[in-house]
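A short write-up of the structure that comes next.
In UniProt numbering, the protein residues as written are 1 to 164.
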């Protein structure tokens, strides 16, 4: 088997690790803001938009590229793909709610805003973790075994990370 092919599932794990780290960075910035020594609200929102766009790119790439390929090759995994797509929609909704909360933050932190933002971040973290774990458990071996010439030629969006 081609070593490049073997890596697709492992590349997915690397992307998930990277996304978890970006969420942790955002959470650290939010905590610093509410402690009074962090970035301004507009900077928090920019950080959030960067993270959100990376996560959205990953999920959109899965929905448009990976999942159709997997469903074609492994029809028995279609219910898994349906669940993963449902998770993507839930995550997208949470990202939108988080963006709205960060866009409305006052220059001076307050407890009510903190409670709302932290609740959204905790919800996002929980669903991301269960989603990533489920996806890795169900698709790692499948991804490692797929032979998709286009993926060998150019790394698909769902396997990309941004340079830090």
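Glycine residues also receive a C-beta, built at the ideal position from the N, C-alpha and C atoms.
Quick check on the DSSP output: the alpha helix (DSSP H) that includes residue i runs from which residue to which?
| i | result |
| --- | --- |
| residue 155 | From DSSP, residue 155 is part of no alpha helix (DSSP H); its letter is neither H nor E. |
| residue 9 | 3-34 |
| residue 63 | Residue 63 -> no alpha helix (DSSP H), and no H or E assigned at all. |
| residue 140 | 111-145 |
| residue 96 | 78-103 |
Is it buried or exposed for residue i, if we count other Cβ within 10 angstroms and need 16 for buried?
| i | result |
| --- | --- |
| residue 108 | exposed |
| residue 44 | buried |
| residue 154 | exposed |
| residue 40 | exposed |
| residue 66 | buried |
| residue 73 | exposed |
| residue 62 | buried |
| residue 17 | exposed |
Since residue i contacts residue j with CB under 8 Å, what's their CB separation in whole angstroms?
| i | j | result |
| --- | --- | --- |
| residue 29 | residue 38 | 6 Å |
| residue 101 | residue 120 | 6 Å |
| residue 159 | residue 70 | Wrong, their Cβ atoms sit about 14 Å apart, outside the cutoff. |
contact_flag[the segment 6-24, the segment 79-95] where n(CB pairs < 8 Å) is 3 or more: no
Segment contact, 8 Å Cβ cut-off, at least three pairs: the segment 132-142 with the segment 74-86: yes
The segment 143-153 contacting the segment 46-61, beta-carbon criterion three pairs below 8 Å: no
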